[in-house]
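Enquirer: Okay, here's the structure, questions in a sec.
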Amino acid sequence: MKASDLSRLVTAKTERRPIALVTDLGSHQQALFETGNEAPELKLSPAARDAIAEALAGNKSGEIEIEGRRLFVQARVPSPRLVIVGAVHITQALAPMAALAGYEVIVVDPRRAFATAERFPGITLRHDWPDEALDAIRLDERSAVVTLTHDPKLDDPALDRALRSKAFYIGSLGSKKTHAARLQRLTEAGFDSATLARIHGPAGLAIGAKSPAEIAISVLAQLTAARHGQPTR
Numbered sequence: 005m006k007a008s009d010l011s012r013l014v015t016a017k018t019e020r021r022p023i024a025l026v027t028d029l030g031s032h033q034q035a036l037f038e039t040g041n042e043a044p045e046l047k048l049s050p051a052a053r054d055a056i057a058e059a060l061a062g063n064k065s066g067e068i069e070i071e072g073r074r075l076f077v078q079a080r081v082p083s084p085r086l087v088i089v090g091a092v093h094i095t096q097a098l099a100p101m102a103a104l105a106g107y108e109v110i111v112v113d114p115r116r117a118f119a120t121a122e123r124f125p126g127i128t129l130r131h132d133w134p135d136e137a138l139d140a141i142r143l144d145e146r147s148a149v150v151t152l153t154h155d156p157k158l159d160d161p162a163l164d165r166a167l168r169s170k171a172f173y174i175g176s177l178g179s180k181k182t183h184a185a186r187l188q189r190l191t192e193a194g195f196d197s198a199t200l201a202r203i204h205g206p207a208g209l210a211i212g213a214k215s216p217a218e219i220a221i222s223v224l225a226q227l228t229a230a231r232h233g234q235p236t237r
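Be aware that the sequence shown starts at 5, since it is given in this note's numbering, and climbs by one per residue.
Written out as structure tokens, the structure is:
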């Protein structure tokens, strides 16, 4: 692999950009393929570009045979990411469940007495304020945000940042009354109704969940549905 390609791979990983290393098995020529830079060195046909793009979108590595060419695609796609605001009891159930489902999990809570390694073993913790944390995390289209504190001082700044991002899922816990008050505050902050409709509130599918673990299941099910383009309401 060329040094320039290795540098691109490292940068893509840092910036959480999907990228694929494509090898022409006939000529053994290699090139990197990503949106906006579709391996021009390989002189791919439109059909070949479409096939590689589909493999990359599905995070599928393997051989593609098309139009008499054999191409091997090594897809490198960043893990989906879940940012949970609030180191509460539901988070203690949701964080490990999401990690098992393949999410990179980050718990944000400035209250250090709650956000501890003992309560969240193996989970990345941030103790800055939610707006500062989300600015640093740089939410993208493979990110989900869930706020669980019921405290507007923590939840609202996180929702503000999430709504300004490309996050594929935004959820916020609370009763219908709590959610209505939340929407009113965000409306006064300048968000329109179409933007606010992105918030799933109360978060989670309606499965009759009662316990923290059951609520965590409902939230994880809803955000997984959103990730795969399935109905979430």
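Ideal placement from N, C-alpha and C gives every residue a C-beta, glycine not left out. Here the structure is a predicted model, which means the values were calculated and not measured.
#1: Decide yes or no for the touch test of the region 58 to 71 against the region 177 to 192: beta carbon pairs closer than 8 Å, at least 3 of them.
#2: Whose C-beta lies closer than 6 Å to the C-beta of residue 92 among residues of the same chain, with five residues either side of it excluded?
#3: State the beta-bridge partners of residue 78 as determined by DSSP.
#4: Do the region 108 to 115 and the region 123 to 135 touch if we need at least three Cβ pairs shorter than 8 Å?
#5: Assign residue 204 to one of three DSSP states: helix, strand, or coil.
#6: By a C-beta neighbour count over all protein chains shown, 10 Å radius and 16 as the cutoff for buried, is residue 161 buried or exposed?
#7: Return helix, strand or coil for residue 92, following the three-state DSSP convention.
#8: According to DSSP, which residues form a beta bridge with residue 38?
#9: Which residues does DSSP list as the beta-bridge partners of residue 73?
#10: Assuming the contact rule is C-beta atoms closer than 8 Å, residue 238 and residue 223 should be a hit. Round their C-beta distance to whole Å, please.
#11: What does the Cβ neighbour count give for residue 18, buried or exposed, with the cut at 16 atoms within 10 Å?
#12: For residue 238, name the three-state secondary structure that DSSP assigns.
#13: Do residue 104 and residue 175 have their C-beta atoms closer together than 8 Å?
#14: In the DSSP assignment, what are the bridge partners of residue 150?
#15: Around the C-beta of residue 29, are 16 or more other C-beta atoms found within 10 angstroms, so that it is buried, or is it exposed?
#16: Going by Cα to Cα distance, which pick from 119, 32, 25 is closest to residue 88?
#17: For residue 159, count the other beta carbons within 10 Å of its own beta carbon; 16 or more makes it buried, fewer makes it exposed. Which is it?
#18: Would you kindly check if the distance between the Cβ of residue 113 and the Cβ of residue 90 is under 8 Å?
#19: Less than 8 Å separating the beta-carbons of residue 216 and residue 102?
Expert: According to the structure data:
#1: Judged by pairs of C-beta atoms under 8 Å, the region 58 to 71 does not touch the region 177 to 192, as fewer than three such pairs exist.
#2: These residues qualify, in order along the chain: 152.
#3: Bridge partners of residue 78 according to DSSP: 25.
#4: Result yes; three or more Cβ-Cβ pairs closer than 8 Å.
#5: Three-state DSSP puts residue 204 in a strand.
#6: Residue 161 comes out buried.
#7: In this structure, residue 92 counts as coil in the three-state DSSP scheme.
#8: Looking at the DSSP assignment, residue 38 forms a beta bridge with 41.
#9: According to DSSP, which records beta bridges pairwise, residue 73 is partnered with 70.
#10: The requested residue 238 does not occur in the structure, where the chain is confined to residues 5 to 237.
#11: Burial call: exposed.
#12: The displayed coordinates of the chain run from 5 to 237. Any statement about residue 238 would go beyond what the structure contains.
#13: In this structure, residue 104 sits away from residue 175, with a CB-CB distance that is not shorter than 8 Å.
#14: Answer is 88, 175, bridged to residue 150.
#15: In the assembly as shown, residue 29 is an exposed residue. Its beta-carbon has fewer than 16 other beta-carbons within 10 Å.
#16: Residue 119 is the option with its Cα nearest to residue 88.
#17: Label assigned to residue 159: buried.
#18: Going by C-beta atoms, residue 90 is nearer than 8 Å to residue 113.
#19: Cβ distance not < 8 Å, so residue 216 and residue 102 don't count as in contact.
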